[in-house]
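Here the protein sequences line up with chains A and B, keeping their order.
Numbered according to this note's numbering, the first sequence spans residues 1 to 628.
Numbered according to this note's numbering, the second sequence spans residues 1 to 354.
Below is one structure, written out as structure tokens; comments come after it.
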Amino acid sequence: MSKQVRQLDRVIIRFAGDSGDGMQLTGDRFTQETAAFGNDLSTLPNFPAEIRAPAGTMAGVSSFQVHFADHDILTPGDAPDVLVAMNPAALKANVRDVPRGSTIIVDSHDFGGRNLTKAGYEQNPLEDGSLEQFQLHPVDLTALTVEAVKGFGLSRKDAARAKNMFALGLLSWMYGRPADPTIEFLTTRFAAKPDLRDANITAFRVGWNFGETTESFAVRYEIKPAEMPAGRYRNVTGNTALSYGLIAASQRAGLDLFLGAYPITPASDVLHELSKHKNFGVTTFQAEDEIAGVGAALGASFGGALGVTTTSGPGVSLKSETIGLAVMLELPLLVCDIQRGGPSTGLPTKTEQSDLLQAMFGRNGEAPLPIVAPRSPVDCFDAALEAARIAITHRTPVLLLSDGYLANGSEPWLLPDVDALPDLDPAFTKAPPNGQAPHGADFLPYERDPRTLARPWAIPGTPGLMHRIGGLEKADKTGAISYDPDNHDRMVRLRQAKVDAVANDIPPTEVDDPGVETGDSARLLVLGWGSTYGTIGAAVRRVRRDGLAVAQAHVRHLNPLPSDLGDILGRYERVVVPEMNLGQLAMLLRAKYLVDVRSENQVRGLPFKAAGLADVLRQHLRDLEVAA
Amino acid sequence: MTLTGLAGVPTSDVDQGRKEYASDQEVRWCPGCGDYAVLAAVQGFLPELGLKRENIVFISGIGCAARFPYYLDTYGMHSIHGRAPAIATGLAVTRPDLSVWVVTGDGDALSIGGNHLIHALRRNLNLTILLFNNRIYGLTKGQYSPTSETGKVTKSTPVGSVDRPFNPVSLALGAEGTFVARTVDSDRKHLTTVLRAAAAHRGTSLVEIFQNCPIFNDGAFDAVKGKDGESALIPLEHGQPVRFGPGGRMGVVRAAGSSGVQVVDLDENGVDEADLVVHDAHAEDPTTAFALSRLTDAGLITQAPIGIFRQVEQQTYDDLARAQVDTAVGTSGRGDLAALIAGKDTWAVGEPRG
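Take a look at the structure:
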């Protein structure tokens, strides 16, 4: 039969199933196919902290949402156009996000008896009419898969597990995705297990053919490739991009990379990734605890390596004292905080931006340090390089604030020309030309560069520069222990001035305000930081489509803030700051600039939705109209 | 594998003396503090290693002993409480050309830093840890420590402490430390002998040093010092029967019915030298070394073995970690950044960039 083909400009698909159903893998493969096809895309994995919650329960539902389009897109999308639900719990957990009229494909196999009860259904939702508002496709994916792969001699359980590939095949057919990348992937992945390889490939193909032949799917969709800047692309998650950024920084600085880390969600993937790349001179050290992770990194920095530690909020709390020591020692150190829901253990697998104030102030004493936040998965690469630049140039610990959404989300990456990446010069202090200065007395370990106020980095093994550093207050220049009141006052101010001086080297803030050119600038500015960039941008587009004027700016350097930020805030009648916390950047802006910024907050463990944020902006614009 | 602890550290062709190792900082421990003796011994002993001074690093935590690095003209770091082994780990792994020393105390190493200590011992990093044990908190002015005897009356335990103390040697042997020794601050010769062996050991060397605090715990080790020391200290010499006391009258034998050992009076108990435990520091199994460590009094010390309890060769964490990096470079070649970031799944859009 011939199928109707309908053109779409964008689609949001959510795969949902039990934690053991392979939904992350299914989403990942669909994403790779979509990337290969040339759509722009953005993804949002969402999974429980429990590795294998009881099967079939709401607690065990894992999902993966992918948004792809024929134009550039900024977010993984608010609400799915298609929900693929592999069991009753996955349907129940996700159906409320699905807009009326959207498509729901359900594996009908488990919709009976206990499985319905486990999901909290009293009646079968496939039969009671409760899903009438959707285009519902109940398909017994399990039975079809088991039947299709029965020739491979697998147990029934293993056979049924291939149903995710059946679903992937069906969706790949429906949206015209190329099949080859998935066939190649399965061939490699199961190279050692031919039975599983053949069963999965068969399930994928049968799923595809099922779409093509069955009458229940009458329409195929076509989403043309997006017009993207020319070049070579790959798809990348934030944690992978961050790992590559760290390696790139070490290469550009000519320093060995040392990672001291303790496993913690959602940062562990950086440890995993870096541990694979030892041939880049990367050493990864899985420490006994968070404190040892940062301690070892600091020790490596003392020795002249690029010392890095990766963690999440609870880990930063444990590392605080060592980070304070690094502030005092004035050595380069990178602390990457992949933020998650807090406080305490909080929501380990969910996203939040609530560590900004911890990053700013979570140490004893006046202990300032620079803070950098990436704004998208791809930007994690550049942010890592920038954090390393600041750490190396300014001799300071730097906190990089990523989050769970950036860490696990992915998007296409126009690969950079590695030779054009910035050169990072560690500028170690060389041995005095006359050889060994007696007792190293001529060397002043706390003498400062007049522009950056950075101190020398003189590493062990350098003759003539032997010196001792430590956490006790130091005398200016000599670094000897000093309890002198005036000296302490001077050193506290010097350390602050050194961090403030980082602002001299950061580029002007980009403000997206199309009206400025015509002398008709917006009255409302939306200012964000970190992972809200895409959603804010999508919301701004929606508001502008209404013919309304709104400006957008995004802060990458959270400490010190860019020198032009105060002026920018002053140019707008109203400044709205959306954050996935209770207003942490807003508090800093109010304190520093005495500007009455409006805080828009959400702490649901999930990113903002563009539609909701657009409504918020429209309301602010109406307020301004009324006020005028 | 016969690498020594100093293999890979560049040697100096200049004669060195104690003077070169003294920094310009005024030493500020209390008069009579045992730390002075240890500092003098270390300053006197380091030149004999013949290393380039700039390739020696001392890292300390917090406490009286932790001021040690300031007084040595090498590279040094006075870090934070308990964390010196962690910091030294990062340095030792990345810099095989350095001789890395950790200076710590009973509170620093066994209380706040206990976790890092046992994991350094477990990993067997190429470090030498000097644990100054005065059985008291000195810098915070006299609270009981994790090695203080039960019932210790201090400012924080006015009616006596109720917790049992750690025996640092037993703890280190329990963590399967590859070099575990004990010495005494006032015995310069013994101290230097143990330090020499500790420095030569490739792996984590833990040296407990009995050290007197004249202000807050004066006399804690009087029973094992001076003339009395002869009957209180049990010197351990590899390959020798364990014998001590005036005229070698006391000895150590296997305890009947247990895996432990016990002290006997050879004259009174009719024990022959052939019945004595012969110390084997190189035994893979740390059981007998542990049994010997239990001869240390847990209360006031009137008896304690000293010397090298255990000294076995095992691969070090840092050597193995560096070998993995070297192997990766050898097998895959030095990493190509452009190839790394491209990965295996790329696609082209439009004209290839010029």
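Cβ atoms here follow ideal geometry from the backbone N, Cα and C, with glycine treated the same way.
Nearest-angstrom beta carbon gap, residue j and residue i [assumed within contact, 8 Å]
{"i": "A:V378", "j": "A:A241", "result": "6 Å"}
{"i": "B:G44", "j": "B:R67", "result": "Between B:R67 and B:G44 the Cβ distance is about 19 Å, and since that is not below 8 Å, they are no contact."}
{"i": "A:F64", "j": "A:M23", "result": "5 Å"}
{"i": "A:V526", "j": "A:A614", "result": "About 10 Å separates the two Cβ atoms, so there is no contact after all."}
{"i": "B:A181", "j": "B:A200", "result": "Between B:A200 and B:A181 the Cβ distance is about 12 Å, and since that is not below 8 Å, they are no contact."}
{"i": "A:S108", "j": "A:D140", "result": "5 Å"}
{"i": "A:A16", "j": "A:A85", "result": "5 Å"}
{"i": "A:A177", "j": "A:E33", "result": "The sequence shown places Arg at residue 177 of chain A, rather than the Ala named in the question. So it is a contact: roughly 4 Å between Cβ atoms."}
{"i": "B:A281", "j": "B:I308", "result": "5 Å"}
{"i": "A:P370", "j": "A:V555", "result": "No, A:P370 and A:V555 are not in contact; Cβ-Cβ is about 13 Å, not under 8 Å."}
{"i": "A:H467", "j": "A:A458", "result": "7 Å"}
{"i": "B:V42", "j": "B:Q211", "result": "Wrong, their Cβ atoms sit about 13 Å apart, outside the cutoff."}
{"i": "B:I136", "j": "B:F221", "result": "So it is not a contact: roughly 12 Å between Cβ atoms."}
{"i": "B:A88", "j": "B:V103", "result": "10 Å between Cβ atoms; not a contact."}
{"i": "A:L569", "j": "A:V575", "result": "5 Å"}
Per DSSP, cross-strand counterpart(s) of residue i
{"i": "A:L196", "result": "DSSP, once it has assigned bridges, lists no residue as partnering A:L196."}
{"i": "A:D40", "result": "A:A69"}
{"i": "B:S99", "result": "B:I56"}
{"i": "A:R189", "result": "In DSSP, A:R189 forms no bridge with anything."}
{"i": "A:A549", "result": "Partner(s): none; A:A549 has no beta bridge."}
{"i": "B:I301", "result": "None; B:I301 has no bridge partner."}
{"i": "B:F210", "result": "B:N133, B:V184"}
{"i": "A:A391", "result": "DSSP lists no partner for A:A391."}
{"i": "A:H137", "result": "A:I105"}
{"i": "A:C336", "result": "A:T310, A:L400"}
{"i": "A:G260", "result": "A:F285"}
{"i": "A:V576", "result": "A:V526, A:R598"}
{"i": "A:K477", "result": "A:Y446"}
{"i": "B:W347", "result": "A:Y233"}
{"i": "A:D520", "result": "In DSSP, A:D520 forms no bridge with anything."}
{"i": "A:A16", "result": "A:S63, A:A85"}
{"i": "A:R495", "result": "According to DSSP, A:R495 bridges with nothing at all."}
8 Å Cβ cut-off: residues of chain A touching residue i
{"i": "B:Q43", "result": "The contacting residues do not exist; B:Q43 stays about 13 Å from chain A at best."}
{"i": "B:S321", "result": "Per the sequence shown, residue 321 of chain B should be read as Ala rather than Ser. The answer, in chain order, is T283, F285."}
{"i": "B:L98", "result": "G303, P460, G461"}
Under 7 Å from the C-beta of residue i: neighbouring residues of chain B
{"i": "A:Y244", "result": "L340, I341"}
{"i": "A:L325", "result": "S79, I80"}
{"i": "A:Y233", "result": "T346, W347, V349"}
{"i": "A:L298", "result": "I87, G90"}
{"i": "A:M491", "result": "Correct list: empty, because the minimum Cβ distance to chain B is about 16 Å."}
Closer than 9 Å at the beta carbon, the chain B residues around residue i
{"i": "A:Q251", "result": "G335, L337"}
{"i": "A:G60", "result": "Near A:G60 there are no residues of chain B at all, since even the closest Cβ is about 30 Å away, more than 9 Å."}
Contacts that residue i makes with chain B (C-beta to C-beta distance below 8 Å)
{"i": "A:F280", "result": "R334, G335, L337, L340"}
Where residue i meets chain A, residues with beta-carbon distance less than 7 Å
{"i": "B:H238", "result": "The premise fails here: B:H238 is roughly 31 Å from chain A at the closest Cβ pair, so nothing lies under 7 Å."}
Where residue i meets chain A, residues with beta-carbon distance less than 9 Å
{"i": "B:Q16", "result": "Those do not exist, as B:Q16 stays about 11 Å from chain A at its closest Cβ, beyond 9 Å."}
Please list the residues of the stretch 260 to 284 of chain B that have a C-beta atom closer than 7 Å to any C-beta atom in chain A, keeping them in chain order.
-> So nothing in the stretch comes that close.
Minimum length 3: unbroken beta strand (DSSP E) runs contained in the stretch 5 to 91 of chain B = If we require 3 residues or more, the beta strand (DSSP E) runs fully inside the stretch 5 to 91 of chain B come out as 56 to 60, 75 to 78.
If you scan the stretch 319 to 345 of chain B from start to end, which runs of the alpha helix (DSSP H) of 4 or more residues do you find wholly inside it?
-> Runs of alpha helix (DSSP H) with 4 or more residues, each lying fully within the stretch 319 to 345 of chain B, are found at 337 to 342, listed in chain order.
In chain order, what residues of the stretch 78 to 94 of chain B put their CB closer than 7 Å to some CB of chain A?
-> Cβ proximity to chain A below 7 Å picks out H78, S79, I80, R83, A86, I87, A88, T89, G90, L91, V93, T94 from the stretch 78 to 94 of chain B.
Against chain A: residues of the stretch 106 to 117 of chain B by CB proximity under 8 Å = Going along the stretch 106 to 117 of chain B in chain order, one finds N115, H116 with a Cβ nearer than 8 Å to chain A.
Just by C-beta distance, which residues in the stretch 328 to 348 of chain B are closer than 7 Å to chain A?
-> Of all residues in the stretch 328 to 348 of chain B, A328, V329, S332, G333, R334, G335, L337, A338, L340, I341, A342, G343, D345, T346, W347, A348 have a Cβ within less than 7 Å of some Cβ in chain A.
Jot down the residue ranges of each uninterrupted alpha helix (DSSP H) in the stretch 68 to 119 of chain A, minimum 4 residues, whole runs only, in chain order.
-> List check, alpha helix (DSSP H) in window: 88 to 94, 113 to 118.
Interface positions of the stretch 443 to 473 of chain A facing chain B (Cβ-Cβ less than 9 Å), listed along the chain | Listed by position, the residues of the stretch 443 to 473 of chain A near chain B (Cβ gap below 9 Å) are A458, I459, P460, G461, T462, P463, G464, L465, M466, H467, R468, I469, G470, G471, L472.
When you check each C-beta in the stretch 42 to 68 of chain B against every C-beta of chain A, which residues fall closer than 9 Å?
-> Taking a C-beta cut-off of 9 Å against chain A, the contacting residues of the stretch 42 to 68 of chain B are K52, R53, E54, N55, I56, V57, F58, I59, S60, I62, A66, R67, listed in chain order.
Can you list, in chain order, the residues of the stretch 176 to 203 of chain B whose Cβ is nearer than 7 Å to any Cβ on chain A?
-> The residues in question: there are none.
Where the stretch 134 to 168 of chain A meets chain B: residues whose CB sits under 8 Å from a CB there | Residues passing the 8 Å Cβ filter: none.
Residues, ordered as in the chain, of the stretch 253 to 278 of chain A that lie near chain B by beta-carbon distance below 8 Å | If the cut-off is 8 Å between Cβ atoms, the stretch 253 to 278 of chain A has D256, F258, G260, H277, K278 near chain B.
Quick one: which residues of the stretch 23 to 48 of chain A get their C-beta closer than 9 Å to a C-beta of chain B? List them in chain order.
-> Cβ contacts with chain B come from Q32, A35, A36, F37, G38.
Taking a Cβ distance cut-off of 7 Å, strictly less, list which residues of the stretch 407 to 438 of chain A are near chain B, in chain order.
-> Contact annotation: in the stretch 407 to 438 of chain A, residues whose CB is within less than 7 Å of a CB in chain B are L415, V418.
Residues of the stretch 25 to 36 of chain B with a CB closer than 8 Å to any CB of chain A: list them in chain order, please.
-> Within the stretch 25 to 36 of chain B, the residues whose Cβ lies closer than 8 Å to any Cβ of chain A are, in chain order, Q25.
Identify every run of the alpha helix (DSSP H) within the stretch 226 to 260 of chain B, keeping only runs that are complete inside it and at least 4 residues long; order them along the chain.
-> Listed in chain order, the complete alpha helix (DSSP H) runs (minimum 4 residues) inside the stretch 226 to 260 of chain B are 229 to 232.
Chain-ordered residues of the stretch 311 to 322 of chain A with a beta carbon less than 9 Å from chain B = Within the stretch 311 to 322 of chain A, contact with chain B at the beta-carbon level (separation under 9 Å) is assigned to E321, T322.
Going along the stretch 508 to 527 of chain A in order, which residues come within less than 7 Å of chain B, judged by CB to CB distance?
-> Per Cβ criterion, the list is empty.
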